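Report on the following structure.
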Amino acid sequence: MIVTTDQLFKIAYGKFAIGAYNINNAEQTMGLFKGCLASQAPFIIQISKGARKYTDKRMLEAIIRAAEQIFPEAIFAVHLDHGDEETCYDCIDSGFYSSVMIDASHEPFEQNVAITRRVVDRAHAKGISVEAELGMLGGVEEDIKVDEGHACLTNPDEAVEFVKRTGCDSLAAAIGTSHGAYKFKGQQSLHFNVIDAIQKKIPGTPIVMHGSSSVPKEEVRRINAAGGKLDPSACGVNENEYLPAAKLGVTKVNIDTDGRLVWTRVHREFFRDKPSEFDFRPPGKIFIEEYAKFIAHKNGKLGSAGQLPVVRAALSNPQEDTKLRAYYLWEQSGRPEGRDTELWLQAEAHYRSTKDKESCQG
Ligand code: G3H
Ligand code: 13P
Ligand code: ZN
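Okay, so the sequence shown: first residue is 3 according to the working numbering, each after it adds one.
Put into structure tokens, the structure is as follows:
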């Protein structure tokens with residue numbers, strides 16, 4: 003079932019992160035659905051401009067709609083990854099996407115605000131949410147390459163102004179990661195101080211972490227042992243940092259490169275070991291299974307594994323979920339007195355009774 007990105011964010015915020023996985027073809031899609039069901043996780047499918055051009059945007063939509071029928075228990079959102087203004091409008095008008103990302107982070111602040119605001123107005127008119135980026139990640143994304151010297155972390159004060167002025171629903175923040183397989187030289191941790199500062203300034207706004215692949219050493223080793231020539235110093239995000247980041251509001255974690263490594267390893271090893279083979283289906287089948295295992299593992303690290311029943315319950319009773327979220331936000335912002343205090347107190351009472359019921363059930 004396709005749901006809105008916003009619904010997933012409301013349930014996950016501050017508790018776990020939702021994996022946002024890029025797909026380009028049917029094999030990836032099959033592996034993604036299988037892995038998410040095996041781990042009982044909600045997920046976000048994301049489609050880049052490059053993916054839309056690879057075959058045809060209609061092909062991807064048809065593949066995803068078919069997967070929705072093949073796996074009716076799956077709960078997921080469909081998202082445009084790194085859109086420009088024109089592509090955002092195309093996705094908003096298509097009626098297929100749950101959310102879009104407008105990436106104008108390479109523009110000066112005022113221009114980024116203006117472009118994002120235009121996209122937000124058009125998306126919100128159709129009930130679609132918008133992710134926008136502030137700060138600059140390093141690495142390569144499609145036709146834009148940002149070298150390390152030009153990458154800059156998100157300024158938490160600017161983040162407040164940006165979210166307020168644009169009305170965006172989630173914020174892609176630069177917190178120390180970069181796209182691709184070569185993320186770190188020396189420093190290998192997320193900038194938790196920046197995440198913490200952003201969350202304190204804009205509590206309740208989901209933070210999105212791009213460039214979240216972990217680039218497993220073993221994957222790189224196997225690819226190279228099967229004829230690949232990846233730099234063995236390739237290095238990614240520590241997977242054990244996903245969950246602590248999620249507790250600080252990182253609600254969407256973007257992963258693409260790691261999936262490409264799985265594809266490369268499977269196909270290189272297969273054709274190395276069976277050099278006379280030329281049917282692409284046998285390695286394709288292995289890839290689907292390996293990709294499913296990889297996805298299930300990632301969901302475990304993100305904390306989204308096992309959350310499908312929780313998501314299903316919250317979707318069937320949105321009222322409850324809204325109350326819990328209101329209470330959570332009130333807590334996070336230091337229980338301030340104000341216009342909504344009454345609502346929050348009700349939410350707290352509701353939260354307590356839910357917790358009491360849970361503890362009675364053991
Ligand atoms: O951030 C970029 C994603 O990894 C998508 O990559 O533009 O090559 O499809 P792509
Ligand atoms: P990785 O290159 O780390 O997989 O990041 C993907 C991404 O951020 C897609 O938007
Ligand atoms: Zn990205």
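Backbone N, C-alpha and C define an ideal beta-carbon position, used for all residues, glycine too. Keep in mind it's a predicted model, so treat the numbers as computed, not measured.
Rounded C-alpha distance that separates residue i from residue j
{"i": "S235", "j": "G213", "result": "17 Å"}
{"i": "V252", "j": "I209", "result": "4 Å"}
{"i": "I290", "j": "D233", "result": "26 Å"}
{"i": "P2", "j": "A28", "result": "As displayed, the chain neither begins before 3 nor continues past 364, which places residue 2 out of reach and without an answer."}
{"i": "L347", "j": "D171", "result": "25 Å"}
{"i": "E160", "j": "E87", "result": "22 Å"}
{"i": "G129", "j": "A22", "result": "20 Å"}
{"i": "R54", "j": "A127", "result": "24 Å"}
{"i": "G52", "j": "R60", "result": "13 Å"}
{"i": "H108", "j": "T89", "result": "17 Å"}
{"i": "A228", "j": "Q190", "result": "27 Å"}
{"i": "A134", "j": "F282", "result": "38 Å"}
{"i": "A11", "j": "F280", "result": "The sequence as given places Phe at residue 11; Ala does not occur at that position. Using only the alpha carbons, I get a separation of about 44 Å."}
{"i": "S50", "j": "S96", "result": "15 Å"}
{"i": "F186", "j": "L192", "result": "10 Å"}
{"i": "K147", "j": "G16", "result": "Since pLDDT at K147 reaches only 48, below the 50 mark, its modelled position is unreliable, and no value is offered."}
{"i": "Q9", "j": "A106", "result": "25 Å"}
{"i": "A68", "j": "P74", "result": "10 Å"}
{"i": "N195", "j": "I177", "result": "9 Å"}
{"i": "Y184", "j": "E221", "result": "14 Å"}
{"i": "G33", "j": "Q113", "result": "39 Å"}
{"i": "I94", "j": "P277", "result": "46 Å"}
Cut-off 7 Å between Cβ atoms - residues of its own chain near residue i, not counting five sequence neighbours on either side
{"i": "Q30", "result": "G261 and Y293"}
{"i": "V115", "result": "F164, R167 and T168"}
{"i": "Y91", "result": "R124"}
Start and end residues, alpha helix (DSSP H) containing residue i
{"i": "H269", "result": "T259 to D275"}
{"i": "A315", "result": "L310 to S318"}
{"i": "E243", "result": "Here E243 belongs to no alpha helix (DSSP H), and DSSP marks it neither H nor E."}
{"i": "Q71", "result": "K59 to I72"}
{"i": "L372", "result": "Since the first residue shown for the chain is 3 and the last is 364, residue 372 is missing from the structure and cannot be characterised."}
{"i": "S96", "result": "E87 to S96"}
{"i": "F194", "result": "F194 to K203"}
{"i": "G286", "result": "R283 to L304"}
{"i": "Q48", "result": "Counting along the chain, Q48 falls outside any alpha helix (DSSP H), though it belongs to the beta strand (DSSP E) covering F45 to S50."}
{"i": "E112", "result": "F111 to H126"}
{"i": "A227", "result": "K219 to A227"}
Within 8 Å, strictly: CB atoms of residue i and residue j
{"i": "G238", "j": "S216", "result": "yes"}
{"i": "V132", "j": "S101", "result": "yes"}
{"i": "R314", "j": "I77", "result": "yes"}
{"i": "Q42", "j": "A248", "result": "no"}
{"i": "V80", "j": "Y56", "result": "no"}
{"i": "D83", "j": "N26", "result": "no"}
{"i": "T179", "j": "L139", "result": "yes"}
{"i": "F296", "j": "V264", "result": "yes"}
{"i": "I13", "j": "A298", "result": "no"}
{"i": "T207", "j": "L173", "result": "yes"}
{"i": "L250", "j": "D198", "result": "yes"}
{"i": "I104", "j": "P158", "result": "no"}
Own chain partners of residue i with C-beta closer than 6 Å, once the 5 adjacent residues on each side are dropped
{"i": "E241", "result": "S216 and K303"}
Beta strand (DSSP E) segment containing residue i, residue limits
{"i": "L232", "result": "Counting along the chain, L232 falls outside any beta strand (DSSP E), and DSSP gives it neither H nor E."}
{"i": "E163", "result": "Per DSSP, E163 belongs to no beta strand (DSSP E); it is in the alpha helix (DSSP H), P158 to T168."}
{"i": "V102", "result": "S101 to I104"}
{"i": "Q9", "result": "Unbroken run through Q9 is the alpha helix (DSSP H), T7 to A14; no beta strand (DSSP E)."}
{"i": "I20", "result": "I20 to N24"}
{"i": "I209", "result": "I209 to M211"}
Contact test: residue i Cβ vs the ligand SAM heavy atom, cutoff 7 Å
{"i": "N27", "result": "The ligand SAM is absent from the structure shown, which contains only the ligand G3H, the ligand 13P and the ligand ZN."}
Residues near residue i in its chain [Cβ-Cβ closer than 8 Å; skip 5 each side]
{"i": "T266", "result": "I225 and G230"}
Item to check | At least 3 beta-carbon pairs within less than 8 Å: the region 266-280 vs the region 5-14 | outcome: No: fewer than three Cβ pairs fall under 8 Å.
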